[in-house]
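First residue of the sequence shown: -6, per the numbering used here; consecutive thereafter.
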Amino acid sequence: MSKYIKIDMTYIMSILMIFATLISLSFVPKYSSIREMLIIIVGLYVLIMIPKLVKKTSYVMWILLSLFCAVTIGTSYVHRVEYQNQDIFMASLKYALSLVEIYAMLNLLVIEGKLQSFINVFYKLLFGILICNDIIAFISGYNHITFLLGTKFAVVYWHLFWIALYLYLHDTQNIKWGTIALFMSYMVVLCLWISCATGIVGTFIFVVMYMFFTNAYTILGNKWVYLLFLLICGSFAFTYTFVLNSALVQKVVTEYLGRSLTLTGRVNIYELLPLILLQRPWFGYGFGTTYTVYMFFTGYADSQNGIVEWMSQVGVIGTIFLIGFMTYMFAFANKYKSIRKVIYPFIILIYIFIFISTVEISYNRIFLSILGIIWAIALGNEGEINEEN
């Protein structure tokens, strides 16, 4: 028997990838510097593993991702001198590299047959991090703005992601109503504590869709339904006047949600979107510039809409590549009949993120990593399942 334990570099790098690209521990000293170092380490490993990557991958995915990253980096380079207090070019490079590393590592895990065990490890690791985050959140007080995992929205997104992982890894038949009720109750308490109504809405949708619409994956898994829903939610920033003119919508917003018809100032932002977007329609203002741009034009921190946020940064061209990339990833995973039911928790979560994008910034790396996971699951089962006719 060997006295030495074989070190699995792909596993090690996949765990490092999580901390390098996805999870941001805001309370850890010098964590940004640590992340930069991890990005370099994982990037070098991916570079070495390129010969293995090309054996089983999706070239269309890589082309679309490359086009999106090229626009993101290019427009940031062009406008870099306009922002003295931030290096948007370097930020765009880090962002693009992080996306490449996420999908490359998932691809490698598929090739080496380790994806499922990685998801299980990620599920347990995330659970531990969430416990730490929540303990700090409840101890520190309800008036905190930033938590261990970042903003209150990041906290909610990661909790919903963990619930999706739980439902994916456990047999549906063995999941009891009590378990679902416990998840929902805890999420409501947490969201109230951190003052995030978006999380309550997302949790409610998740539970209703999973428990009462168990066969909806046949419809929600359709790429055209997905794309239509994405475009409808993205266009809300431009069509809000028609929506808010509805008496039913006005009643829901004012009486049930207790909000004004300005949607907490969002209408004030949406009114100025033509002025902001038409100045740089094709390639935007550059990556990570929305705070500066929107504070200047509107007095608010961002665009409060997922699609518009990317249009502001990378313009119409970059956003088209992003939508094409996201749609391809979703379509690739859902073109197989037998896979839709398996990944249904992730499908629900994707639709929740899209719905939230109507009034929030939710097309982030968490969302893109969810698409990456369902893409990888489908890629790993490509030779074993029948393609939908």
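Even glycine gets a Cβ: it sits at the ideal position worked out from N, Cα and C.
- Around the Cβ of valine 335, a 10 Å sphere holds 16 or more other Cβ atoms; the residue is buried.
- With a beta-carbon spacing of about 7 Å, isoleucine 269 and serine 305 fall inside the 8 Å limit used to define contacts.
- For the pair glutamine 77 and aspartate 295, the Cα-to-Cα distance works out to about 19 Å.
- The beta carbons of leucine 58 and tyrosine 96 sit about 7 Å from each other, so the pair counts as a contact at 8 Å.
- Counting every other CB atom within 10 Å of its CB across the protein chains shown gives histidine 163 a total below 16, marking it as exposed.
- Residues of the same chain with a CB within less than 8 Å of the CB of isoleucine 340, apart from the 5 flanking positions on each side, are Tyr210, Leu213, Gly214, Asn327, Arg333 and Ile367 in chain order.
- Just so you know, the alpha carbons of phenylalanine 20 and leucine 223 end up roughly 34 Å apart.
- Listed in chain order, the non-local C-beta contacts of tyrosine 233 below 6 Å within the same chain comprise Tyr263, local neighbours out to five positions each way being set aside.
- Counting C-beta pairs closer than 8 Å gives three or more between the segment 0 to 11 and the segment 98 to 110, which meets the contact rule.
- Residue state for glycine 143 is assigned as strand, using DSSP reduced to three classes.
- As the crow flies, the alpha-carbon of phenylalanine 199 is around 7 Å from that of isoleucine 345.
- Taking all protein chains shown into account, glutamine 297 has 16 or more neighbouring C-beta atoms within 10 Å of its C-beta and is therefore buried.
- Cα atoms of valine 64 and isoleucine 56: separation of roughly 12 Å, rounded to the nearest angstrom.
- In this structure, the CA atom of phenylalanine 323 is about 7 Å from the CA atom of lysine 216.
- In this structure, DSSP gives tyrosine 329 an extended state, which the three-state scheme calls strand.
- The beta-carbon distance between valine 103 and glycine 373, rounded to whole angstroms, is 4 Å. This is short enough to meet the 8 Å contact definition.
- Pairing asparagine 208 with lysine 330, the inter-Cα distance amounts to about 12 Å.
- A direct Cα-to-Cα measurement between valine 307 and threonine 291 gives close to 19 Å.
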